[in-house]
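Q:
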Amino acid sequence: MWASIMELQDKSPEVPILIEKVGFRDVRRRVKLQTPKGQITLDLSLDLYVEIPSDRRGAHLSRSIEALEVLDVEGKSLEEYLESIASKLLEKHSYAIRASAIAKTTYYVEVEFRGIKSLEPVIVEAEVTRSRDGTRLWSISVEVTGLTVCPSALETTQYYGEKLSHMQRVELKARIHTIGEQARIEKIARALYSSLSAPAITLLKRADEAKLVIEAYRNPKLVEDVVRDATRNIALELVKLRDDTLVEIEAKSYESIHPHNLYAYTKLTLRDAKSILESSHS
2 MWASIMELQD KSPEVPILIE KVGFRDVRRR VKLQTPKGQI TLDLSLDLYV
52 EIPSDRRGAH LSRSIEALEV LDVEGKSLEE YLESIASKLL EKHSYAIRAS
102 AIAKTTYYVE VEFRGIKSLE PVIVEAEVTR SRDGTRLWSI SVEVTGLTVC
152 PSALETTQYY GEKLSHMQRV ELKARIHTIG EQARIEKIAR ALYSSLSAPA
202 ITLLKRADEA KLVIEAYRNP KLVEDVVRDA TRNIALELVK LRDDTLVEIE
252 AKSYESIHPH NLYAYTKLTL RDAKSILESS HS
């Protein structure tokens, strides 16, 4: 009986507009990945989307969960795992033009700062989009937490015979967009941490706390400096990726002496970043 009835999703909508993304958000999964550092287990929050043409009223969304359930390939990287999901979504949704899979997770990286070593959490979000024409778009964002010392206040207080400044916590994020190329989380995190006055460290004994503060004061930065330095360091760390790789950098500074926060952002290709680096050293 049901087989002979046209399903509501297959009918034409009253307003024929293409829907770029429809699907589920925050689907929880635990996956094991084989990385250069060995097998790791990640708890993921997944978003699953397909694009549907303008002549369809809806998508058969249960098929998206089916695509996830039957998936038996866990990649060597988070991006490969997501690409497997996106491919399976296209297989399940024959009418879909493209499909996307997004994963959000917390990853732990080794941080070393002036002899202080720690394992710190970074926020990671990866996205893979596959199209029926074979196009593979990968992106990954990594967010770290650190601190800056204000160089302006440091300079001004020295004028009055002191050497004081204020600190603020900074969230620094990089998004790397590639055409099917992987950007290692550890490399991105390392580039970001080295762009701050100092990283935020979970456990600091008194001697390490003093060392971190002293070293941070020796490396004062504006939020604009942080974004510029992160762009440079990302370009140096990811030098083997294609020149058309797009890099986005953003920093949010939680100001300690103001009731508001500061924000800085830039976007450019690795080709442009390398060109700027070369010209600045010539």
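The opening position of the sequence shown corresponds to residue 2 in my numbering, with each subsequent residue numbered one higher. Backbone N, C-alpha and C fix where the C-beta goes; we use that ideal spot for every residue, glycine too. Only a predicted model underlies this, so the values are computations on that prediction, with no experimental measurement involved.
#1: In the DSSP output, what is Thr157 paired with across the bridge?
#2: Quick check on His178: does DSSP put it in helix, strand or coil?
#3: Are the stretch 213-226 and the stretch 139-154 touching, with three or more C-beta to C-beta distances below 8 Å?
#4: Beta strand (DSSP E) containing Ile141: first to last residue?
#5: Give me the Cα-Cα distance between Ala97 and Ser63, rounded to the nearest whole angstrom.
#6: Just tell me which of Ser119, Ser142, Ile180, Phe114 has its CA closest to the CA of Gly135.
#7: Are the CB atoms of Val23 and Glu70 within a distance shorter than 9 Å?
#8: Please report how far the alpha carbon of Ser280 lies from the alpha carbon of Ile235, in whole angstroms.
#9: Once you ignore the five residues that flank Ser195 on each side, which residues in its own chain have a CB closer than 7 Å to its CB?
#10: In the DSSP assignment, find the unbroken beta strand (DSSP E) run with Ser95 in it and report its ends.
#11: Tell me the rounded alpha-carbon separation between Tyr161 and His259.
#12: Comparing alpha-carbon positions, which option in Glu126, Glu128, Tyr109, Val248 lies nearest Ser119?
#13: State the Cα-Cα distance for the pair Glu67 and Arg131, rounded to the nearest angstrom.
#14: Rounded to the nearest angstrom, what separates Lys268 and Ser142 at their Cα positions?
#15: With distance defined between alpha-carbon atoms, name the residue in Asp244, Leu239, Arg243, Ile177 nearest to Val125.
#16: Just to confirm before moving on: does the CB-CB distance between Glu81 and Ala102 stay below 9 Å?
#17: Would you decide whether Met2 is buried or exposed? Buried here means 16 or more other CB atoms lie within 10 Å of its CB.
#18: Between Ala208 and Val171, what straight-line distance do the alpha-carbon atoms span, to the nearest angstrom?
#19: Identify, in the order they occur along the chain, each residue of the same chain with its Cβ nearer than 8 Å to the Cβ of Leu205, setting aside the five sequence neighbours on each side.
#20: Determine the extent of the beta strand (DSSP E) in which Thr44 is found, giving its start and end residues.
#21: Looking at the unbroken alpha helix (DSSP H) that takes in Val224, where does it start and where does it end?
A: Let me spell this out:
#1: Looking at the DSSP assignment, Thr157 forms no beta bridge with any residue, so it has no partner.
#2: strand
#3: yes
#4: 137-150
#5: 14 Å
#6: Ile180
#7: no
#8: 17 Å
#9: Asn234
#10: No beta strand (DSSP E) holds Ser95; DSSP gives it neither H nor E.
#11: 21 Å
#12: Tyr109
#13: 18 Å
#14: 13 Å
#15: Ile177
#16: no
#17: Residue placement at Met2 is flagged as unreliable, the pLDDT there being 46, under the threshold of 50; the coordinate-derived value follows with that caveat. When all chains shown are included, Met2 counts as exposed.
#18: 23 Å
#19: Ile117, Leu213
#20: Checking the sequence shown, residue 44 turns out to be Asp, not Thr. 39-53 is the span of the beta strand (DSSP E), which, as asked, contains Asp44.
#21: 224-238
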